[in-house]
Amino acid sequence: MTRNSHPQPITAKEQARAKRETRQVLKGFGKKRPNLIPILQAVQRRLGFLPREAMTEIAAFLGIPPVDVYEVVTFYNQFRLNPPGKHSIRVCLGTACHMKGGYITLDAWERRLSIHQGQTTPDREFDLDTVACVGCCTMAPVTVVDEKPEAKVEPTKVDGLLLAFQREKKNKDTKKS
Ligand code: FES
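Residue numbers for the sequence shown follow my numbering, beginning at -16 and rising by one.
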């Protein structure tokens, strides 16, 4: 719903990949400004998000200032500035969830994950954002975790959900070794 308008830093390897893949995508388009949104959609399909490097390539290709591209990306909710995490956390801030402390829930996720909404943890495990009503208001405050609505997500439940993820990760790592 609301998006963070600041791209997080990405690694040199990710930057190089973003440039390379964006150039590939651009080969399929004409250098016309009306192509901006279809280009952004195609690059995001390829990369999963739209890093600064991709936006700069697109701006140069279309002969427009990078800030024009950035404005379009931050205007539309369909575009992501930061890479997707393995797990998506969506805190509902619709009216019912807001009334039941949705912002307290959001604050708990932000603190526990040490990121803000619209961002992704540096290990790329979690991305955090907010959504409008997801249609299960009786369960407020709701957080949608990997597409599954979780009921009554107060700060202690945030801790419980994160603990479950940690256990699951530990089990997987043990099986691998
Ligand atoms: S307001 Fe959150 S589910 Fe409806």
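Using N, Cα and C, we set each Cβ at its ideal position, and we do this for glycine too.
- Per DSSP, reduced to three states, the secondary structure at H99 is coil, with no helix or strand assignment.
- Annotated as proximal: L9 and I22, with beta-carbon spacing under 8 Å.
- C-alpha of P105 to C-alpha of E130: approximately 22 Å in a straight line.
- Across the structure, Q24 and K158 are spaced so that their CA atoms are roughly 38 Å apart.
- The Cβ atoms of I98 and L89 lie no closer than 8 Å to each other.
- CA-to-CA, the gap between F148 and G46 works out to about 45 Å.
- Cβ contact annotation for E93 (same chain, cutoff 8 Å, sequence separation greater than five): H99, Q100 and L111, in chain order.
- In this model, T113 and I72 are separated by some 8 Å (Cα to Cα).
- At least one heavy atom of the ligand FES is found less than 7 Å from the C-beta of G118.
- Using a cutoff of 7 Å, the CB of G84 does not count as near the ligand FES, since none of the ligand's heavy atoms is closer than that.
- Close CB contacts of A42 within its chain, under the 6 Å cut and outside five residues either way in sequence, are with P49 and V52 (chain order).
- Here the alpha carbons of D142 and C119 stand approximately 22 Å from one another.
- Per DSSP, the beta bridge partners of C75 are V114.
- The beta carbon of V125 sits closer than 7 Å to at least one heavy atom of the ligand FES.
- Between the C-alpha atoms of Q(-2) and I20 there is a straight-line separation of about 21 Å.
- When beta bridges are read from the DSSP output, T126 appears opposite V74 and E133.
- Non-local beta-carbon contacts of Y86 in its own chain, meaning distances under 8 Å to residues more than five positions away in sequence, involve L76 in chain order.
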